[in-house]
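Single-structure report; data block below.
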Amino acid sequence: MLEILREYGLMLLVGEYPHGKLGGLALTLIISIASLVITFPCAVMIALARTGQSRPFKAVASGFVHCVRAVPLLMLIFWAYFALPIVIGFPIDATYTLILAIVIYQAAYLGEIIAAGIEGLSKGQMEAAKALGLGYIPTTFRVILPQALFNVIPGIVNQLTTIIKESSLGSIIAVSELSYVMLQVNSNEVTKPLQIFGILAATYFILCFALSQATSWLERGIASKRTGRVVVEAVA
Amino acid sequence: MGYQLDFGKVLQGEYLELILQGVQTTMVLFVLSWIFGLVLAIVLTVVRAIEFRPTQLLVAAFVEYHRNVPVLIQLFVWYFGLAVVLPDVVNDYLNDIGAEIGYAIVALALNKAAYMSEDFRSGMRSIHPAQMEAARSIGLTYLGAMRWVILPQAWRLALPALLGQTLILFKGTSLAAGIGVAELSYQARYIEEQSFRIFEAYGIATAIYMLISFAIMWLSSALSKRFRLRVK
Numbered sequence: 001m002l003e004i005l006r007e008y009g010l011m012l013l014v015g016e017y018p019h020g021k022l023g024g025l026a027l028t029l030i031i032s033i034a035s036l037v038i039t040f041p042c043a044v045m046i047a048l049a050r051t052g053q054s055r056p057f058k059a060v061a062s063g064f065v066h067c068v069r070a071v072p073l074l075m076l077i078f079w080a081y082f083a084l085p086i087v088i089g090f091p092i093d094a095t096y097t098l099i100l101a102i103v104i105y106q107a108a109y110l111g112e113i114i115a116a117g118i119e120g121l122s123k124g125q126m127e128a129a130k131a132l133g134l135g136y137i138p139t140t141f142r143v144i145l146p147q148a149l150f151n152v153i154p155g156i157v158n159q160l161t162t163i164i165k166e167s168s169l170g171s172i173i174a175v176s177e178l179s180y181v182m183l184q185v186n187s188n189e190v191t192k193p194l195q196i197f198g199i200l201a202a203t204y205f206i207l208c209f210a211l212s213q214a215t216s217w218l219e220r221g222i223a224s225k226r227t228g229r230v231v232v233e234a235v236a
Numbered sequence: 001m002g003y004q005l006d007f008g009k010v011l012q013g014e015y016l017e018l019i020l021q022g023v024q025t026t027m028v029l030f031v032l033s034w035i036f037g038l039v040l041a042i043v044l045t046v047v048r049a050i051e052f053r054p055t056q057l058l059v060a061a062f063v064e065y066h067r068n069v070p071v072l073i074q075l076f077v078w079y080f081g082l083a084v085v086l087p088d089v090v091n092d093y094l095n096d097i098g099a100e101i102g103y104a105i106v107a108l109a110l111n112k113a114a115y116m117s118e119d120f121r122s123g124m125r126s127i128h129p130a131q132m133e134a135a136r137s138i139g140l141t142y143l144g145a146m147r148w149v150i151l152p153q154a155w156r157l158a159l160p161a162l163l164g165q166t167l168i169l170f171k172g173t174s175l176a177a178g179i180g181v182a183e184l185s186y187q188a189r190y191i192e193e194q195s196f197r198i199f200e201a202y203g204i205a206t207a208i209y210m211l212i213s214f215a216i217m218w219l220s221s222a223l224s225k226r227f228r229l230r231v232k
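If you read the sequences in order, they're chains G and Y. Quick note on numbering: UniProt numbering labels position 168 of the first sequence as 168, and the sequence is numbered without any gaps. Quick note on numbering: UniProt numbering labels position 109 of the second sequence as 109, and the sequence is numbered without any gaps.
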């Protein structure tokens with residue numbers, strides 16, 4: 001196992017870089033964070049439409065969410081990778097199609113998380129803002145969203161874990177992220193698949209486990225901030 | 001752009017047969033992994049409920065591994081990893097009978113078992129311990145209290161999450177394409193390569209996935225409503 005790490009460790013981290021394209025763990029992280037950053041505003045819009053008063057917006061947003069949730073991510077990736085270049089008439093880099101597919105997929109899920117955060121606020125918030133004479137825009141952006149988004153921070157971080165795991169599907173369309181690199185290593189070193197995939201699994205595990213620990217730590221912190229007292233488990 | 005949509009091209013003869021085979025394989029993956037996953041999840045939940053530290057830690061490690069490693073990698077570990085461990089004779093035999101689907105079922109079932117056992121556990125945990133004490137104090141045995149007081153509530157509390165896992169598992173069967181199991185998305189990809197009918201091939205596969213997913217969603221919301229825990 002150590003020889004593999006010694007020989008391919010750098011490749012695991014950055015792929016062919018600096019002699020070729022950036023890949024490996026670095027690309028996995030870039031894809032995941034970029035996907036989350038692009039998804040975020042889309043998800044906020046979906047959440048606002050889902051929880052708002054306008055019926056047509058509500059219908060469109062809930063239609064989108066239901067349809068996306070009914071399709072496997074792999075199918076979205078196939079659409080983005082194989083069909084989209086034909087529709088727009090020019091080829092796009094596989095990395096971008098992967099990000100696009102993840103953004104569409106996650107917009108639906110993150111949108112639901114943020115919508116739940118908005119719905120979790122007491123109705124009095126909205127009513128108080130209205131009573132003070134605030135319009136829709138200031139109410140939404142200065143009263144509702146700051147509180148709702150703060151409360152769903154753990155959910156958002158948790159979604160980053162999900163995205164990191166989902167980005168492994170890039171290996172199917174030859175995006176040179178972590179899994180793809182290790183599949184390449186595996187075809188070079190045909191006799192050690194158990195070690196190679198063990199290292200691969202361990203890398204994802206360390207990353208995602210750390211993030212999910214961070215999520216539960218954030219959850220406790222935010223819960224204590226909301227209730228105004230320290231939650232007992234946080235101390236114990 | 002000069003592309004004529006023609007679903008007839010894909011919905012006939014050999015291609016139609018491939019699609020139907022794909023649907024069948026997808027359903028076999030889904031149903032078998034679900035059943036095995038559920039049974040193992042119940043076993044895991046029981047083992048974790050027993051106050052014995054080493055086994056509890058083992059179950060926790062099992063759950064964390066399956067929750068923090070991508071499903072695709074779990075499939076790779078079984079598919080590529082197991083082949084080295086097994087003797088050649090067994091491998092040859094497995095290759096002859098097309099064992100990819102077996103690896104996929106094992107990987108998906110173990111993965112779902114981890115998630116479902118967590119759902120069961122959180123269902124159990126949300127029932128106040130005083131209920132158990134009250135049940136024991138009116139003379140029920142431990143098992144009797146479980147049977148008549150705790151479990152009837154716990155499974156109802158866990159149900160929505162379990163149904164959510166069911167939908168995720170159904171969609172997750174598409175990942176088996178990554179190790180060469182000829183399920184629906186694999187067949188769609190194959191037909192697209194053979195016929196260059198991109199939109200028809202993916203369109204039909206997507207429509208089938210949606211149809212089955214919507215059926216699962218509809219059934220889930222009906223069941224959740226039917227078995228909702230009504231307090232007061």
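For every residue, glycine included, the Cβ atom is placed at its ideal position computed from N, Cα and C. As the structure is a computational prediction, the values presented were derived from the model and not from experiment.
Can you check whether the C-beta of residue i is within less than 8 Å of a C-beta belonging to chain Y?
i                      : result
residue 212 of chain G : yes
residue 64 of chain G  : no
residue 40 of chain G  : no
residue 165 of chain G : yes
residue 57 of chain G  : no
residue 118 of chain G : no
residue 78 of chain G  : yes
residue 32 of chain G  : no
residue 168 of chain G : yes
residue 179 of chain G : yes
Run through chain Y and tell me which residues come within less than 7 Å of residue i, C-beta to C-beta.
i                      : result
residue 186 of chain G : 80
residue 172 of chain G : 178
Using DSSP with H/G/I as helix, E/B as strand and the rest coil, what is residue i?
i                      : result
residue 11 of chain Y  : coil
residue 193 of chain Y : helix
residue 22 of chain G  : strand
residue 172 of chain Y : helix
residue 183 of chain Y : coil
residue 166 of chain G : helix
residue 139 of chain Y : coil
residue 127 of chain G : helix
residue 177 of chain G : strand
residue 232 of chain Y : Summary for residue 232 of chain Y: the model assigns pLDDT 47, below 50, so the residue's position carries little reliability; its value from the coordinates is reported in the next sentence. Coil.
residue 225 of chain G : helix
residue 15 of chain G  : strand
residue 50 of chain Y  : coil
residue 1 of chain G   : coil
residue 26 of chain Y  : helix
residue 153 of chain G : helix
Under 8 Å, Cβ to Cβ, is there at least one residue of chain G near residue i?
i                      : result
residue 138 of chain Y : no
residue 192 of chain Y : yes
residue 225 of chain Y : no
residue 103 of chain Y : no
residue 146 of chain Y : no
residue 195 of chain Y : no
residue 142 of chain Y : no
List the residues of chain G that residue i touches, going by C-beta distances under 7 Å, in chain order.
i                      : result
residue 206 of chain Y : 71, 75
residue 199 of chain Y : 83
residue 214 of chain Y : 70
Go to residue i, then tell me how far its alpha helix (DSSP H) extends in each direction, as first and last residue.
i                      : result
residue 6 of chain Y   : Taken as a continuous stretch (DSSP letters only), residue 6 of chain Y belongs to no alpha helix (DSSP H), as it is neither H nor E.
residue 106 of chain G : 94 to 120
residue 66 of chain G  : 55 to 69
residue 142 of chain G : Element bounds for residue 142 of chain G: n/a, residue is neither H nor E.
residue 213 of chain Y : 198 to 226
residue 147 of chain Y : Counting along the chain, residue 147 of chain Y falls outside any alpha helix (DSSP H), and DSSP gives it neither H nor E.
residue 83 of chain Y  : 82 to 85
residue 100 of chain Y : 100 to 125
residue 91 of chain G  : Taken as a continuous stretch (DSSP letters only), residue 91 of chain G belongs to no alpha helix (DSSP H), as it is neither H nor E.
residue 73 of chain G  : 73 to 78
residue 93 of chain Y  : 88 to 97
residue 73 of chain Y  : 71 to 76
Is residue i near the ligand COA, in the sense that its beta carbon is under 7 Å from a heavy atom of that ligand?
i                     : result
residue 65 of chain Y : Annotation note on the ligand COA: not contained in the displayed structure, which lists no ligands.
Name, please, each residue of chain Y whose Cβ falls closer than 8 Å to the Cβ of residue i.
i                      : result
residue 144 of chain G : Simply none; closest approach about 26 Å.
Short of 8 Å Cβ to Cβ, which residues in the segment 69 to 96 of chain Y face chain G? Contact residues of the segment 69 to 96 of chain Y toward chain G are 69, 70, 71, 72, 73, 74, 76, 77, 80, 81, 83, 84, 85 (C-beta to C-beta distance below 8 Å).
Selection of the segment 11 to 26 of chain Y by Cβ proximity to chain G, strictly under 9 Å: none
Chain Y contacts from the segment 189 to 222 of chain G (Cβ-Cβ distance under 7 Å): 193, 194, 197, 200, 201, 204, 205, 208, 209, 212
Where the segment 83 to 99 of chain G meets chain Y: residues whose CB sits under 8 Å from a CB there: 83, 86, 87, 89
Please identify, using Cβ separations under 9 Å, the residues of the segment 107 to 124 of chain Y that lie next to chain G, in order along the chain. Listed by position, the residues of the segment 107 to 124 of chain Y near chain G (Cβ gap below 9 Å) amount to none.
Please list the residues of the segment 154 to 175 of chain Y that have a C-beta atom closer than 7 Å to any C-beta atom in chain G, keeping them in chain order. 171, 174, 175
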